[in-house]
Amino acid sequence: MEYSILILITPLLIFLLLGLLGGKLKPVIAGRIGTFGLLCVALLSYVIAYQYFFVEGTVNGKWIEKIPLNFEWLRFTDTLHIDLGILLDPISVMMLVVISTVSLMVHIYSLGYMHGEGGFQRYYAFLSLFTFSMLGLVVATNIFQMYIFWELVGVSSYLLIGFYYTKPSAVAASKKAFIVTRFADLGFLIGILVLSFYTRTFDFGLLTADSASLVVTSMQGASFMGLSVATWALALIFMGGAGKSAMFPLHIWLPDAMEGPTPVSALIHAATMVVAGVYLVARLFTVYFFAAPDVLTMIGYIGAFTALFAAIIAITQTDIKRVLAFSTISQIAYMMVALGVSGYEGHDGLGYMSSMFHLFTHAFFKALLFLGAGSVIHAVHSNEMSDMGGLRKYLPITHLTFLIACLAIAGIYPLSGFFSKDEILSAAFHHDKILYWTLWVVAGLTAFYMFRLYYSIFWGKEKVHHGEHKPHESPLIMTVPLLILALLSCVTGFIPFSKFVSSDNLGFDMHIDMTIALSSIAVAVVGIGVATALYMRGGDLPQKIAQRLGGLYRATFHKFYMDEVWQFITKSVIFKCICAPIAWFDRHVIDATMNGLATVTQKTSASIKGLQSGQVQFYTWIFLIGALVIGILALCV
Amino acid sequence: MIVQMEHYLVVSALMFFIGVYGFISRKNMIAVLISLELMLNAVEINFSVFNRYLYPERLEGMFFTLFGIAITAAETAVALAIIINVYRHIGDINIRKMNKLKD
Amino acid sequence: MDIASLLIFYALAAFMLGMSLLAVTARRVLHAATYLLFVLIGTAGLYLLLNYHFLAAVQLSVYAGGIVILFIFAIFLTNEHDSVSEKHRPLRLILAGLGAVSGLCFTVLVAFTHLFKNYSANTTILGDNEVNMKIIGNTLMGTEKYQYLLPFEMLSILLLACIIGGILIARKQ
Chain A
1 MEYSILILIT PLLIFLLLGL LGGKLKPVIA GRIGTFGLLC VALLSYVIAY QYFFVEGTVN
61 GKWIEKIPLN FEWLRFTDTL HIDLGILLDP ISVMMLVVIS TVSLMVHIYS LGYMHGEGGF
121 QRYYAFLSLF TFSMLGLVVA TNIFQMYIFW ELVGVSSYLL IGFYYTKPSA VAASKKAFIV
181 TRFADLGFLI GILVLSFYTR TFDFGLLTAD SASLVVTSMQ GASFMGLSVA TWALALIFMG
241 GAGKSAMFPL HIWLPDAMEG PTPVSALIHA ATMVVAGVYL VARLFTVYFF AAPDVLTMIG
301 YIGAFTALFA AIIAITQTDI KRVLAFSTIS QIAYMMVALG VSGYEGHDGL GYMSSMFHLF
361 THAFFKALLF LGAGSVIHAV HSNEMSDMGG LRKYLPITHL TFLIACLAIA GIYPLSGFFS
421 KDEILSAAFH HDKILYWTLW VVAGLTAFYM FRLYYSIFWG KEKVHHGEHK PHESPLIMTV
481 PLLILALLSC VTGFIPFSKF VSSDNLGFDM HIDMTIALSS IAVAVVGIGV ATALYMRGGD
541 LPQKIAQRLG GLYRATFHKF YMDEVWQFIT KSVIFKCICA PIAWFDRHVI DATMNGLATV
601 TQKTSASIKG LQSGQVQFYT WIFLIGALVI GILALCV
Chain B
638 MIVQMEHYLV VSALMFFIGV YGFISRKNMI AVLISLELML NAVEINFSVF NRYLYPERLE
698 GMFFTLFGIA ITAAETAVAL AIIINVYRHI GDINIRKMNK LKD
Chain C
741 MDIASLLIFY ALAAFMLGMS LLAVTARRVL HAATYLLFVL IGTAGLYLLL NYHFLAAVQL
801 SVYAGGIVIL FIFAIFLTNE HDSVSEKHRP LRLILAGLGA VSGLCFTVLV AFTHLFKNYS
861 ANTTILGDNE VNMKIIGNTL MGTEKYQYLL PFEMLSILLL ACIIGGILIA RKQ
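Residue numbers (the working numbering), protein chains in the order written: chain A, 1 to 637; chain B, 638 to 740; chain C, 741 to 913.
Below, the structure written as structure tokens:
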């Protein structure tokens with residue numbers, strides 16, 4: 001399967017081509033080149049998936065880690081070397097399929113959505129760069145390669161969020177996203193260094209082999225500030241994942257990142273980049289489970305809190321993309337909880353499997369939601385719910401697909417979200433009741449806010465459209481991806497996922513726990529029902545409730561003031577108390593010393609420059625006198 | 638009774654410092670060069686005198702003088718070529734005006 | 741004989757120093773060059789007095805015959821303003837004189853106070869001990885210790901370089 005390298009090379013070449021020569025190409029041609037390249041990548045990844053899952057992937061019923069390519073990139077010492085390679089195992093192949101499919105849909109959709117925008121070529125170049133880095137991330141054979149692509153993902157996300165670089169809010173959002181994730185990546189890097197310092201390897205295969213025995217034995221006994229070093233290292237690595245996957249309290253960048261073009265949000269902030277953190281934890285799951293189970297518990301609780309927190313905020317947001325952003329945070333937190341509650345081996349590894357399963361299904365219906373939202377925005381030229389309403393007549397396809405996605409995310413049988421969410425709930429139920437009930441509530445809230453969104457857009461009172469043109473359905477090039485994704489959202493739930501993905505790579509049978517399934521459907525239906533009652537007709541009941549709730553509503557509307565808290569921490573605590581004194585010291589002591597030296601030198605040279613008159617005879621005279629003085633001194637001594 | 642060595646030394650010292658005086662006071666570059674020749678000449682006299690009086694059985698001083706003369710010749714030739722070139726460029730060989738290199 | 745050589749030395753010294761003074765004070769550079777020629781001839785006389793006959797011959801031929809001629813050519817080539825006499829600023833002359841005199845005092849002081857190796861015991865100093873031409877030739881072309889083939893060849897390269905450099909610098913563009 002050496003050809004799998006093509007899956008990385010193709011988008012990179014397209015990026016270089018469009019990035020370097022894009023200005024010379026016609027926008028449409030550039031877009032078509034990018035889309036065609038992605039089509040090739042997608043087909044390749046399907047071939048790889050087929051080859052892996054149905055031809056070469058198993059040995060005695062166990063999924064193996066295939067490494068078709070691996071070469072040494074940087075060699076420092078015998079133990080310290082950084083390799084680049086391609087690792088194929090169930091989750092990386094699954095991710096290849098997800099990324100290339102969603103990316104292809106976004107590429108096609110963007111041909112319509114971004115039509116006529118300035119910088120079309122640049123847009124496609126960045127999309128290719130992003131796809132390249134994301135694919136590189138998932139096939140990484142070692143943690144350092146993953147880190148490299150991790151940062152590349154961060155950069156390309158920064159470039160895409162800041163695509164409308166003339167808009168100050170977009171620039172601020174891209175900076176925020178970059179800085180927050182960079183901050184988290186600092187923890188990731190330290191974690192990598194600590195981990196590899198003890199284990200003397202970066203390689204995933206060696207780290208996870210034999211129930212992570214390498215990590216467990218090499219770090220045995222080492223502790224720091226009361227916690228074992230393994231806990232520290234893995235918690236720090238999780239910090240990187242939490243930054244990318246927008247876990248509380250590092251989630252603040254994701255809602256702002258909606259400043260980017262909507263297809264970008266669909267690709268990056270719904271389906272691919274934000275699940276990198278989940279993927280990271282899943283990739284190192286064996287290590288987490290055996291070396292630091294306490295970190296895994298912590299991940300579970302952070303995930304549950306984030307899920308609830310984001311779901312509550314999502315209820316009050318009025319910008320449709322922000323609702324989706326908070327919904328994404330909430331759903332990713334779901335996946336984190338699933339990892340947190342997972343056991344190892346066989347059916348105990350249900351959480352691990354369901355996390356990956358939810359990642360898989362969520363990618364499609366969340367991308368669909370974003371693309372649908374993009375289609376709505378395309379029609380009404382606004383992000384605000386208040387500008388929408390009654391659009392179902394004008395946007396029939398968008399309406400239908402959006403409804404499917406909403407049902408899927410709400411977890412209604414037989415759509416894909418039901419299956420994966422049910423598995424997560426089931427895993428949580430068997431592990432920790434608190435987490436289970438939290439997730440259960442979140443499931444209801446999810447159904448509620450998704451249908452609030454749905455009704456506000458497509459039902460309710462029709463808004464007066466400003467005369468000149470009525471909203472109209474998007475062109476075919478945008479609706480076809482919607483239809484494909486809707487189809488995927490319908491059918492992916494029926495894939496026997498546990499056969500392919502499991503924590504110990506052996507595969508097991510999963511079955512639907514009827515009580516849990518029924519209770520989750522019940523809570524979803526309740527959520528939908530409440531939303532229907534409140535929003536379908538578009539009355540003023542919601543406002544009344546909001547007024548009744550008063551402060552709580554306002555706090556929620558302002559995202560529980562998390563931005564302000566961070567602002568306070570960075571501005572008042574870090575900047576004022578730490579940075580300002582350091583800056584003062586730098587300016588008044590270090591700079592002053594240097595400036596003083598420079599000034600003294602300058603003054604001195606200015607006052608003695610008359611000596612350098614260019615008069616050779618004067619120089620000679622000085623030389624003569626100097627020689628005499630030295631001679632007389634020598635005589636005296 | 639032979640001539641005291643110190644007398645030779647005094648003669649050469651006098652000649653040397655006459656050269657120094659000329660080197661510092663003259664304006665014409667060729668005159669400066671002439672003063673330089675005087676100084677070199679004084680130095681070469683010293684070489685020979687020391688050789689003859691202190692180590693008459695050896696030849697180093699004499700050969701140093703010999704080579705010194707040759708080097709002086711080379712130096713003078715180059716210096717005069719430069720002076721002629723300067724003269725051709727700015728039409729003057731006043732050393733006080735040769736101060737452009739300070740900038 | 742002793743008295744005669746003594747007299748010759750003092751006469752030569754007086755002549756050379758007088759000519760030196762004239763060389764550095766002469767208004768016209770051509771005169772200065774002429775006085776320099778006399779100084780150089782006087783120096784050749786000193787070498788003869790020291791029994792360095794070969795050196796005297798070289799001094800005469802190279803200095804008097806070569807260098808002074810060069811000077812005179814250079815003066816002819818640049819003599820447009822030469823007739824305009826130099827105006828000296830007295831301060832500069834005083835400074836130059838001061839420097840020269842103090843340097844002279846210092847040097848003479850050193851020359852008379854320093855204890856040189858006792859040479860008066862050596863009776864062969866100024867006898868008939870002219871350096872044999874054969875010895876000079878051998879020393880100049882030999883490669884043993886205290887022989888000078890390498891400096892000699894270096895010098896020939898230096899002269900060659902200086903010929904080329906002189907041509908390069910002085911030729912018209």
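Just so you know, even glycine gets a beta-carbon here, dropped at the ideal spot from N, CA and C.
When the Cα atoms are used, what is the spatial distance from residue i to residue j?
i	j	result
Val337/A	Ala282/A	12 angstroms
Ile521/A	Leu435/A	18 angstroms
Ile299/A	Gly596/A	53 angstroms
Val850/C	Thr783/C	23 angstroms
Val106/A	Tyr394/A	23 angstroms
Gly112/A	Val275/A	26 angstroms
Leu817/C	Ala668/B	14 angstroms
Tyr750/C	Asn869/C	22 angstroms
Leu788/C	Ser760/C	19 angstroms
Cys636/A	Val629/A	11 angstroms
Leu900/C	Gly906/C	10 angstroms
Tell me the DSSP secondary structure of residue i in three-state form.
i	result
Asp83/A	strand
Asn60/A	coil
Ser228/A	strand
Asn678/B	helix
Asp348/A	helix
Ser223/A	strand
Asp387/A	helix
Ser823/C	In this prediction, Ser823/C has a pLDDT of 48, which is less than 50 and means its spatial position is unreliable; nothing more can be read from the coordinates.
Asn688/B	helix
Starting from residue i and walking both ways along the beta strand (DSSP E), at which residues does that stretch end?
i	result
Phe71/A	66-75
Take residue i and list the residues in its own chain whose beta-carbon comes closer than 6 angstroms to its own, dropping the five residues that flank it on each side.
i	result
Gly407/A	Before going on, a small fix: residue 407/A reads as Leu here, not Gly. Excluding residues within five positions, the ones whose Cβ falls inside 6 angstroms are Leu415.
Trp253/A	Lys176, Ala177, Val180
Glu681/B	Thr702, Gly705
Ala257/A	Ile161, Ala173, Ala177, His269
Is any beta-carbon of chain C found at less than 7 angstroms from that of residue i?
i	result
Met676/B	no
Gly631/A	yes
Leu646/B	yes
Leu628/A	yes
Val669/B	no
Val640/B	yes
Step through the CB atoms of chain A and report whether any lies within less than 7 angstroms of the CB of residue i.
i	result
Ile661/B	yes
Asn722/B	no
Asn665/B	no
Asn688/B	no
Asn683/B	no
Asn736/B	yes
Under 8 angstroms Cβ to Cβ from residue i, same chain only, skipping five residues before and after it: list those, please.
i	result
Asp540/A	none
Phe429/A	Tyr436, Asp513, Ile516
Thr532/A	Phe451, Tyr455
Could you tell me the boundaries of the alpha helix (DSSP H) in which residue i lies?
i	result
His644/B	642-662
Ala257/A	Ala257/A -> no alpha helix (DSSP H), and no H or E assigned at all.
Ser613/A	Per DSSP, Ser613/A belongs to no alpha helix (DSSP H) and is neither H nor E.
Cys40/A	27-50
Glu151/A	143-161
Quick one: what's got a C-beta closer than 7 angstroms to residue i's C-beta in the same chain, skipping five residues either side?
i	result
Ser672/B	Gly656, Gly659, Phe660, Arg663
Tyr165/A	Val171
Any beta carbon from chain B within less than 7 angstroms of residue i's own beta carbon?
i	result
Gly905/C	yes
Gly610/A	no
Phe623/A	no
Thr166/A	no
Ala751/C	no
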